[in-house]
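Below is one structure, written out as structure tokens; the observations come after it.
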């Protein structure tokens, strides 16, 4: 069986492909259209001008936290609304930065649907720029079909019409040295390729330190062996979860005796967070009602806050900075150690019947991550 298919999308939506053996040698192609045979892996290559490559400071420790925090961190570098973009990343080994690739979600979904309609499921997807040689001491560029694509760094690239690239080079010549590749027999500058462009790209496919666009919601389904192993692992986890749940029920039974005292303590702690200047606590419910009334709140606000209190004071990692209640909507400003903890709070609020919650902002800072949560009744 063939080891890999490379399927390259052109700017006009057409495709070309080639097939590689296990030794990396080209077995078939490049040809226009789609392969006729299956392969163990299929790798897609997108036009460089459809994918933004950049490097970002590491804004979270774990991969799960990075996946949630990166869109906020790079939002200013993306022209389109970040909500419409798919953000992929790789960790090249640096403790300070990560490599990031950004593509429009609808564009990526269209590509995957087109591949599926032709009988192929993609295992990885990269930008053309990621398939150019990477040299730390020198940028590499490709001249092809009137476009110039330059790989400026491990995860930095530029793709322009050749005329526009000439203007850019006039300004960047002092700081940028580019080794150009091309397949034009009429050109005398640069290095002429002795094989088709796609075959040349196949020799420079990116590794694990370069972001694969097919991750997160676009991650490919696991192969059968991995799928079976995953189910065995899941069954073990499920059994452990049943045992843990049974043990937790026993613990909760003993904790119910202290429920009233804990709720009172929670309300007192919530009052101190919401009204830091309070000197004496006599009746936390009445005092919270008075504080909310000063903001234009009501008994509805107090009832909502009472439902949130166990979640907010149940973790020492969270700090309530401010709250505001207007028109049936409560806005909370909360500090947490990371985006994952704050998103967990949002998910816990969603488990409260009748409540909806939205994380509207998350800003990393010296005190952790400052987040704004918007909470309201469902249908309110």
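In UniProt numbering, the protein residues as written are 1 to 380. Note that the Cβ used here is the ideal one computed from N, Cα and C, for glycine as well. Remember, predicted model here, so these are calculated numbers, not experimental data.
Could you spell out where the beta strand (DSSP E) holding residue i opens and where it closes?
| i | result |
| --- | --- |
| residue 57 | 52-57 |
| residue 334 | 329-336 |
| residue 34 | Taken as a continuous stretch (DSSP letters only), residue 34 belongs to no beta strand (DSSP E), as it is neither H nor E. |
| residue 181 | 178-182 |
| residue 194 | Here residue 194 belongs to no beta strand (DSSP E), and DSSP marks it neither H nor E. |
| residue 13 | Element bounds for residue 13: n/a, residue is neither H nor E. |
| residue 319 | 319-326 |
| residue 147 | 147-153 |
| residue 210 | Neither: residue 210 is in no beta strand (DSSP E) and is coded neither H nor E. |
| residue 316 | Here residue 316 belongs to no beta strand (DSSP E), and DSSP marks it neither H nor E. |
| residue 62 | That residue, residue 62, is in no beta strand (DSSP E); it is neither H nor E in DSSP. |
Following the continuous alpha helix (DSSP H) through residue i, name the residue where it begins and the one where it ends.
| i | result |
| --- | --- |
| residue 339 | 339-350 |
| residue 197 | 197-202 |
From this set, the options, which residue's C-alpha is nearest residue i's C-alpha?
| i | options | result |
| --- | --- | --- |
| residue 8 | 69, 25, 112 | 112 |
| residue 359 | 307, 373, 214 | 373 |
| residue 385 | 377, 212, 205, 368 | What the structure shows of the chain is the stretch from 1 to 380, and residue 385 is not part of that stretch, so it cannot be assessed. |
| residue 6 | 371, 332, 156, 197 | 197 |
| residue 107 | 379, 50, 149 | 50 |
| residue 387 | 210, 317, 16, 34 | Since the displayed the chain opens at 1 and closes at 380, residue 387 lies outside it and no answer follows. |
| residue 200 | 131, 208, 176, 79 | 131 |
| residue 128 | 83, 335, 149 | 149 |
| residue 30 | 37, 17, 104 | 17 |
| residue 309 | 247, 27, 340, 349 | 349 |
| residue 383 | 22, 14, 138, 303 | No information on residue 383 is available, as it lies outside the stretch 1 to 380 that the chain covers here. |
| residue 357 | 375, 363, 116 | 375 |
| residue 387 | 116, 63, 190, 326 | Beyond the ends of the chain as shown, which are 1 and 380, falls residue 387; an answer cannot be given. |
| residue 195 | 182, 87, 57, 206 | 182 |
| residue 204 | 163, 177, 135 | 135 |
| residue 307 | 353, 340, 341 | 353 |
| residue 104 | 58, 123, 53, 193 | 53 |
| residue 217 | 86, 311, 95, 40 | 86 |
| residue 162 | 36, 177, 345, 143 | 143 |
| residue 60 | 84, 96, 45, 311 | 96 |
| residue 362 | 192, 27, 334 | 334 |
Measuring straight from C-alpha to C-alpha, what distance separates residue i and residue j?
| i | j | result |
| --- | --- | --- |
| residue 152 | residue 3 | 30 Å |
| residue 337 | residue 220 | 31 Å |
| residue 227 | residue 20 | Per-residue confidence for residue 227 stands at a pLDDT of 38, beneath the threshold of 50, marking its modelled position as unreliable; the derived number appears in the next sentence. Between residue 227 and residue 20, the C-alpha separation is close to 25 Å. |
| residue 370 | residue 68 | 14 Å |
| residue 180 | residue 157 | 14 Å |
| residue 89 | residue 323 | 35 Å |
| residue 146 | residue 365 | 45 Å |
| residue 343 | residue 43 | 33 Å |
| residue 223 | residue 126 | Confidence is the limiting factor: at residue 223 the pLDDT is only 44, short of 50, which leaves the residue's position unreliable, though a coordinate-based value still follows. Using only the alpha carbons, I get a separation of about 20 Å. |
| residue 300 | residue 331 | 14 Å |
| residue 114 | residue 160 | 26 Å |
| residue 24 | residue 212 | 20 Å |
| residue 38 | residue 209 | 27 Å |
| residue 378 | residue 66 | 30 Å |
| residue 184 | residue 141 | 14 Å |
| residue 10 | residue 48 | 10 Å |
For residue i, list the residues DSSP reports as bridge partners.
| i | result |
| --- | --- |
| residue 168 | Answer is none; residue 168 lacks a bridge partner. |
| residue 370 | 335, 363 |
| residue 26 | 20 |
| residue 44 | 7, 125 |
| residue 141 | 150, 180 |
| residue 161 | 147 |
| residue 357 | 375 |
| residue 187 | According to DSSP, residue 187 bridges with nothing at all. |
| residue 156 | 153 |
key: Those runs of the beta strand (DSSP E) which lie wholly inside the segment 71-134 and span at least 3 residues   = 85-90, 97-104, 124-127
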